[in-house]
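Here's the structure we're looking at; comments come further down.
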Amino acid sequence: MKFDTIIIGGGLAGLSAGLRLREKGQEVAIISSGENALHFSSGSFGVLNEGAAVPEGHPYTKLNLSKYLGEVIPFFGKHGVELHGDPMKNGWRLTPTGSLKEARFFMEETDILDKDEKIGEKALIVNFLGFMDFNTSFIADGLEKMGTAVRLEALRLSSMDRLRENPSEMRSVNIARVMDSSWSEIVAEIKKLLKDEDVIILPQVFGLKDTAVIKSIRDSFDVKVMFVGTMPPSVPGIRTQMQLKKAFESAGGTILMGDSVVSAKIDGGKVVSLKTKNLGDHDLFADTFILATGGYFSKGIAATPEKVFEPLFGLDVLFSEGRSSWYDPDFYSPQAFMDFGVATDGSFKALKDGEPICNLYAIGSVLGGSGALKLGCGAGVAILSALAVADSI
Amino acid sequence: MTRDYKDNEFDVIIVGGGITGAGTARDCAMRGLRVLLIERHDIATGATGRNHGLLHSGARYAVTDRESATECIEENMILRRIARHCVDETEGFFITLPEDDLDYQKKFVESCLAAGISAEVIDPKDAIRMEPSINPEIIGAVKVPDGSVDPFRLCASNVMDAKLHGAKVLVYTEVTSFIKEGDTVKGVKVIDQKSGQSAEYYAPVTVNAGGIWGHNIAAMAGANIGMFPAKGALLIFAHRVNSIVINRCRKPANADILVPGDTVCVIGTTSTKVPFEECDNMHVTPDEVDLLLTEGAKLAPSLANTRILRAYAGVRPLVSADNDPSGRNISRGIVCLDHEKRDGIKGFISITGGKLMTYRLMAEQATDAVCLKLGIDKKCETATTPLPGSEGGKIEEVSKKIWANPTTPQKASVGRAGTTAAKIPLKDEYDQALVCECEEVSVGEVNSAIENLDVHNMVDLRRRTRVGMGTCQGELCACRAAGLLGKAKGCTEKAKKDLTDFMNERWKGMYPLAWGQTLREAEYTQWVYNYVLGLKGE
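So the sequence lines, in the order shown, correspond to chains Z and A.
Just so it is clear: in the first sequence, position 371 is 371 by my numbering, and no numbers are missing.
In my numbering, each number is its position in the second sequence, counted from 1, plus 1000.
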């Protein structure tokens, strides 16, 4: 099979690049092994923390940052994902532990707050009885410190009874699946509970299929309704990923779901073809290849006790020598290993043995030196490197 | 005893809530004494919870230390009876590799038999069939009655029984000084670590059961015990690779025991002398990890490709003989010191040396010494009286006696709590909902532990219930457990701090292994906690 471009990886970076290339009329295939970082999304996309400086060699230094930031909301909107926020300025979201955390773009259910904003005078936090991945008292603790009075309620809904029969079924996605069809039950229950509160807080377990449920719930009340994240899996993240995938397919893109690359043929400084697990001996050919395989969790990079490596092409990886330099004994301090990843030239072409492979680009979390967690730029690097690379092909 | 007691007066004060202190508290309480057990941290935080969890048959010591070997096999048989909910009767192999001397096997078997340990030479082919993870190159195998034991559960059961017999237990309480009148220890001054309040407790006898920290406790009372802290590092693998304990049939050396325990297996240990200052903060070094992996793969080659969950280290309380100030003549046997005879300090006993396996015997010796001082003539019954949870028949049949059709979470709780699971609220689907999927720990079990088992924080909870000990190392369950803990204790702020500390404690065991699957898990956990949840460290 022959394509113009083959993208390895179906996460935020891979899907963004695929959609952009389809806009330009390319024949594109995405090889996706399944889960990706959107499955543990925060319901928002970070671009860069306030006051953080972009270090030398960072992916942002290789693209026109302000141009692409302005394109994010229209680009996603066109493909069915509504994002909110000021492209040039951070907003804050209420986290599942009741703190405020900054980001640039926000998914439908994630409310944008000002830094240190008090969300209201009185909040009613509503949970499903027995849903432990939404810690209402943690949120209450944070809100009370910011001056909001809080009342906690846990609802026992008959629509949840079937889930409860299995001791490990009360999880976000399962609840969202039920709520997609029976959300009106919770609205009726909350109406009975609501007293003089000026804000209602619910877990982000609504709108797995689409965002209509979220809008309907908001429209059912005169007071503000906020949705706060849960423990993974992330319902807004999964919905976003499914929508981007659907948009890519309906735009005529090819997606090889549940497949993974097992080997690559490189000849004369160029990638020629790929072999995948499902296609066996049927090689995949393309003019251009994009590596969007993610970090350690997605197996885009991997580590032995001695080194960090890129498993598919054996690309150059930026990492420090000596395992004890990879980590900090304090879990909450910046971890060096989080910044390791593939080395690229000034136009995101991947390096192997110090030389760029002329038709292989690396984008997203597989990139080294992006400081994704430390600088709060994980999603930003994924989206912007994808758009920039797609535009350069 | 027919004394009138004030609230802060006891017959015996035991310092140290490891297995030795817990066992001594139980024995003393069973003999009718009014007991106070004081522990600076949580129970089982020292060497008690930082070893293989091996139910030694004694075979390991048969050639080099007959006395220890005999003690082990006797206690082994006792624990199978009194602590059946803590014991897994796996059996054990001593294998000979091509590089080892097969002649040693003959001497080994003879020594085992002489010590009363059954030792059966098995054809290597049969041994591999019985335990397929064994290195296929082996040239010899001997079967012995090894097993595995959960030290957390064992310690908690001893504490539980001590309390059932009237003992008072103070955790997170540190002894700051001894109250002495002339050369007699009259009691202890303590500080409550949580409240910062100090208090005084009195008893005619105080027992020092502080493990390696007993060195400092003895010094505080004015006695010197020649102790040598020996660090032992171990690795936990994410799968139960072997179902039978595998040992090397040679003189005891590094990393030559692989013990299956619950859903995991443990390789160890190393042995390094460390300064006393390091005992409170043990770190496993990259060299130790490499050594454990290399040697471990010789026992079971598949370990080389098995995910490693954690690295940890404990400190053995080795004691040098009193007549040997050089410390060369170090014994691993039990040391029970009456400081009146030894140092002229009345009312003070130290029980140290020994090992997890012989804790009950150590407790018996210490309690005998206490009773002698108090003039009490009462027989020890700990060798025959089952611990709470182990009464009645086979553990496998317990769940059916409690519930008509036991569910998976109910069965899992019996696996941990034995017959005491009957007291855990596990009736409806809310109680049975799983907090920790890796270890199948339910809401009911967590709540019951918080209420009944002196749980003050997430790490305590892990020791009682195994929450967070599984493959995800607490990534998902920690948050849920923190929610339940915050609710039960009525303090969310503390629960948040607990969660923060718990993740750091989990990380401590992961970063020495920061490659492969551990690094994958770590990256995910970093994103979830530091980004999605927005949890902040100190």
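Ideal Cβ positions, reconstructed from N, Cα and C, are used throughout, including at glycine.
Residue interval of the alpha helix (DSSP H) (run including residue i)
i, result
"Glu1071/A", "Arg1066 to Ile1082"
"Val1459/A", "Met1458 to Thr1465"
"Val1446/A", "Val1443 to Asn1452"
"Glu1371/A", "Correcting the residue type first, residue 1371/A is Cys in the shown sequence and not Glu. Here the alpha helix (DSSP H) through Cys1371/A covers Tyr1359 to Leu1374."
"Tyr1104/A", "Asp1103 to Ala1114"
"Pro1409/A", "Thr1408 to Ala1417"
"Cys1477/A", "Cys1477 to Lys1489"
For residue i, the first and last residue of its enclosing beta strand (DSSP E)
i, result
"Asp4/Z", "Lys2 to Ile8"
"Arg1310/A", "Ile1308 to Ser1320"
"Ser273/Z", "Lys270 to Thr276"
"Thr288/Z", "Leu284 to Leu291"
"Asp1498/A", "Element bounds for Asp1498/A: not the beta strand (DSSP E) but the alpha helix (DSSP H), Thr1492 to Met1510."
"Asp180/Z", "Not the beta strand (DSSP E): Asp180/Z falls in the alpha helix (DSSP H), residues Ser172 to Leu193."
"Tyr68/Z", "No beta strand (DSSP E) contains Tyr68/Z, which is instead part of the alpha helix (DSSP H) from Leu65 to Lys78."
Listed by chain order, chain Z residues near residue i by CB distance under 9 angstroms
i, result
"Lys1487/A", "Ser137"
"Lys1536/A", "Thr97, Ser99 and Tyr332"
Listed by chain order, chain A residues near residue i by CB distance under 7 angstroms
i, result
"Ser42/Z", "Tyr1531 and Val1532"
"Ala303/Z", "Trp1515, Gly1516 and Leu1519"
"Gly130/Z", "Tyr1430 and Ala1433"
Chain-ordered chain A contacts of residue i [CB-CB under 9 angstroms]
i, result
"Pro329/Z", "His1283, Asn1504, Trp1507, Lys1508 and Tyr1511"
"Asp116/Z", "By Cβ distance, chain A contributes nothing, its closest Cβ being about 14 angstroms from Asp116/Z, past 9 angstroms."
Euclidean distance between Cα positions of residue i and residue j
i, j, result
"Asp1256/A", "Ala1127/A", "17 angstroms"
"Ala1495/A", "Cys1336/A", "41 angstroms"
"Thr1358/A", "Gly1393/A", "24 angstroms"
"Lys352/Z", "Lys270/Z", "11 angstroms"
"Lys1427/A", "Glu165/Z", "12 angstroms"
"Pro1252/A", "Val1012/A", "38 angstroms"
"Ser181/Z", "Thr110/Z", "21 angstroms"
"Phe106/Z", "Arg93/Z", "8 angstroms"
"Ser1399/A", "Asp198/Z", "49 angstroms"
"Val1185/A", "Thr136/Z", "51 angstroms"
"Ala1433/A", "Val1443/A", "6 angstroms"
"Leu394/Z", "Leu129/Z", "Residue coverage of chain Z in this structure runs from 1 to 393, which leaves residue 394/Z outside it and unanswerable."
"Phe319/Z", "Asn1242/A", "36 angstroms"
"His79/Z", "Cys1477/A", "36 angstroms"
"Tyr1172/A", "Leu1235/A", "28 angstroms"
"Met1001/A", "Ala1369/A", "With a pLDDT of only 48 at Met1001/A, under the threshold of 50, the placement of this residue in the model should not be trusted; the figure read from the coordinates follows. Each residue's Cα considered, the two are about 17 angstroms apart."
"Lys1163/A", "Arg1480/A", "29 angstroms"
"Ser1195/A", "Thr1096/A", "55 angstroms"
"Asp116/Z", "Ile1246/A", "58 angstroms"
"Arg1080/A", "Leu1356/A", "14 angstroms"
"Leu193/Z", "Met1458/A", "33 angstroms"
Which residues DSSP lists as bridging residue i, in chain order
i, result
"Asn1051/A", "Bridge partners of Asn1051/A: none, in fact."
"Ile1134/A", "Ile1134/A is not bridged to any residue."
"Asn1247/A", "Phe1094/A and Ile1257/A"
Under 8 angstroms from the C-beta of residue i: neighbouring residues of chain A
i, result
"Asp141/Z", "Thr1492, Glu1493 and Lys1496"
"Gly9/Z", "In chain order: nothing, as chain A lies at least about 16 angstroms away."
Partner residues on chain Z for residue i, Cβ-Cβ distance less than 7 angstroms
i, result
"Ala1514/A", "Arg323, Trp326, Tyr327 and Phe337"
"Arg1520/A", "Tyr296 and Phe297"
"Tyr1359/A", "Chain Z residues near Tyr1359/A: none, gap ~32 angstroms exceeds 7 angstroms."
"Pro1286/A", "Arg323 and Ser324"
"Gln1526/A", "Gln335, Met338 and Leu373"
"Leu1476/A", "Met231"
Closer than 8 angstroms at the beta carbon, the chain Z residues around residue i
i, result
"Leu1170/A", "Within 8 angstroms Cβ-Cβ: nothing; Leu1170/A doesn't reach chain Z, min ~29 angstroms."
"Ser1442/A", "Pro167"
8 angstroms Cβ cutoff, residue i in contact with chain C
i, result
"Asp133/Z", "Chain labels in this structure do not include chain C; the protein chains are Z and A."
What residues in the region 357-373 of chain Z bring their beta carbon closer than 8 angstroms to a beta carbon of chain A? Leu373
Closer than 7 angstroms between beta carbons: that is the criterion. Which residues of the region 75-104 of chain Z meet it against chain A? Thr95, Pro96, Thr97, Ser99 and Lys101
Anything in the region 312-326 of chain Z with a Cβ closer than 7 angstroms to a Cβ of chain A? List those residues in chain order, please. Arg323, Ser324 and Trp326
In chain order, what residues of the region 157-184 of chain Z put their CB closer than 8 angstroms to some CB of chain A? Arg164, Glu165, Pro167, Ser168 and Met170
Against chain A, which members of the region 55-76 of chain Z pass a CB distance test of less than 9 angstroms? none
Which residues, in order along the region 207-234 of chain Z, keep a beta-carbon less than 7 angstroms from a beta-carbon of chain A? Gly229, Met231 and Pro232
When you check each C-beta in the region 259-279 of chain Z against every C-beta of chain A, which residues fall closer than 9 angstroms? none
Interface residues of the region 1175-1205 of chain A facing chain Z [CB-CB below 8 angstroms]: none
Between the region 1408-1439 of chain A and chain Z, which residues of the former have a C-beta closer than 8 angstroms to a C-beta of the latter? Thr1408, Pro1409, Glu1429, Tyr1430, Gln1432, Ala1433, Leu1434, Val1435 and Glu1437
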